[in-house]
Amino acid sequence: MQQHVTDSRGVRHSPWAHVLQAAAALGAGMGVGRFVYTPILPLMHAQVGLSAATGANLATANYVGYLIGALAGTFLPRLVRSPAVLRSCLVVLTVSLAAMPVTHSPGAWLLLRLCAGVASALIFVIAASSLLSHLRDHPAHLPGWAFGGVGAGIALSGLLVLALRAIADWQAAWWASAGLTTLLALPAWFLRPEPAPPSASATPGAERRATGPRTHRWFTALLASYTLEGIGYIIAGTFLVAAIEQSSPGWIGSGAWVLVGLAAIPSSALWAGLGRRWSRPGLLLAALAIQAVGIALPALIGGVAAALISAVLFGATFIGVSTLALATGAHLRFPRAVALLTAGYSVGQILGPLVATPLLHHGYHQALILAAVVVLASAVAAALLRIGFPHHMPTPGHPVARSEPAPGGQPTAIDTARAQAD
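Here the working numbering = 1-based position in the sequence shown + 494.
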């Protein structure tokens, strides 16, 4: 029998309806609002004369906005629980995309991408927190499919740009992406955010007993790994299409980006499913190692085959890494884990284009090599996370020894109770 989600008013909802709403929100906020810039960037290079440095600056502005949004979600948790904030962010994001082709001013573009970044971050934190709270007692693959909405947004926006590049210009690509965001915002409009937590006075000290000071060192390693991943993945996520188009026909770059999205759709659910057999820290290490190989391939080998393989490996891991990292943070029951990890990730995304810009004078291949090296460093931090990792956490208010199975023993969206120790 299918379990249902019950809200604070006692109303029962299908978990798959919640998955679809969250997927639409993530598809709009991240898949389109965030990543449509990647396939449009080569068009702006060719048709507007946008320089590589200005293109990197626009990416950085978006990531600064993302950091602002993530920090707002960290320090103002009421924002993450507000349907009005979610809906306002969907509107702001759509308007920012539609306004990009209205001007040719780099300053205006910087401001628009900054606003889009703030909206994207809040949409992501609201949707992720909603999933990890409302689907807490459901199988891990359910929120995994919701995170696949990012891949669906990437694939749909990539197909739009691929189709338009032959018959229209960069302006039409931005307007089409705004239209797609509007369509995705319709089901996302009704997503129920994370409910308010119980009063602290009702369960004094419960969170402190459940988390415990010993989890801090694992969360620190996780935060370091996820921040480094933010640096490495965003370099590839921003410049992969442009790098492929340097040595391949134009449609290969856009086609590879569509492939990234298609590979990302099932990846989160698959990585979450693997978490039922293997530990999340071990899976995180594997995903990062695979991603590093995928990022480096176009720079080291080149050609159509390398580009397509790179797209599949990158798409199959970057959303999975986010899912594994966020679920691991939630498993550790670290306060505001989703918002803190998202903030660290966004700091990495700001640093990524900045450190890559000096390498862009001779193309994008050196930047991809740098990205692969940074992702390998992230994998090293994930390897440290595996040392003595507390796979079995106590239920709040009911401490359980690390060597004992957690109550119930069933894997859930944020619990690794049955994950085997490494």
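Glycine included, each C-beta is placed from N, C-alpha and C at the ideal position.
Quick caveat, the model's predicted, so the values are computed rather than measured.
Counting the other Cβ atoms within 10 Å of the Cβ of Arg572 gives fewer than 16, which makes it exposed. Spanning the alpha carbons of Trp668 and Met594 requires a straight line of approximately 7 Å. Annotation for Thr676: the continuous alpha helix (DSSP H) segment containing it runs 664-682. Residue state for Thr554 is assigned as helix, using DSSP reduced to three classes. Sequence-distant partners of Ala550 (beyond 5 residues in either direction) whose C-beta falls short of 6 Å from its own C-beta, in its chain, are Pro847, Thr851. Here the alpha carbon of Ala790 sits roughly 13 Å from the alpha carbon of Ala799. Each residue's CA atom was taken as its position, placing Ala871 and Thr568 some 26 Å apart.
Judged by DSSP in its simplified three-state form, Ala660 adopts coil rather than helix or strand.
Closest by C-alpha distance to Ser623, out of Arg830, Pro681, His598, is Arg830. In the same chain as Ala876, and ignoring 5 residues on each side of it, the C-beta atoms closer than 7 Å to its own belong to Ser719, Pro775, Leu778, Leu779, Leu782, in chain order. In the DSSP assignment, Met538 falls within the alpha helix (DSSP H) that extends over 531-542. The three-state reading of DSSP puts Leu826 in coil, since its state is none of H, G, I, E or B.
Inclusion of Ala519 and Ala690 in the CB contact set at 8 Å is not warranted, their separation being larger than that value. With contacts defined by Cβ atoms closer than 8 Å, Ile746 and Ala801 form a contacting pair. When the five nearest sequence neighbours on each side are left out, the beta carbons in the same chain lying within less than 7 Å of the beta carbon of Leu685 are those of Gln515, Ala516, Ala519, Leu580, Ala621, Ser624, in order along the chain. Annotation: Leu864 to Gly726 spans about 7 Å, alpha carbon to alpha carbon. Annotated three-state conformation of Tyr858 is coil, per DSSP. Our two residues, Gln860 and Val754, have alpha carbons roughly 21 Å apart in a direct line. The alpha-carbon separation between Gly882 and Ala646 amounts to approximately 36 Å.
Per the coordinates, the alpha-carbon of Ala873 lies some 40 Å from the alpha-carbon of Ala660. In this structure Ala715 is in contact with Leu878, their Cβ atoms being roughly 5 Å apart against a cut-off of 8 Å. It is roughly 13 Å from the alpha-carbon of Asp663 to the alpha-carbon of Gly543.
Per the C-alpha coordinates, the member of Gly642, Gly838, Arg575 positioned closest to Gly809 is Gly642. A residue is called buried when at least 16 other Cβ atoms come within 10 angstroms of its Cβ; Leu535 meets this threshold and is buried. Apart from sequence neighbours up to five positions away, the residues of its chain that approach Leu606 with a beta-carbon distance below 7 Å are Ser590, Ala593, Met594, ordered along the chain. Exposed is the label assigned to Ser599, since fewer than 16 other Cβ atoms lie within 10 Å of its Cβ.
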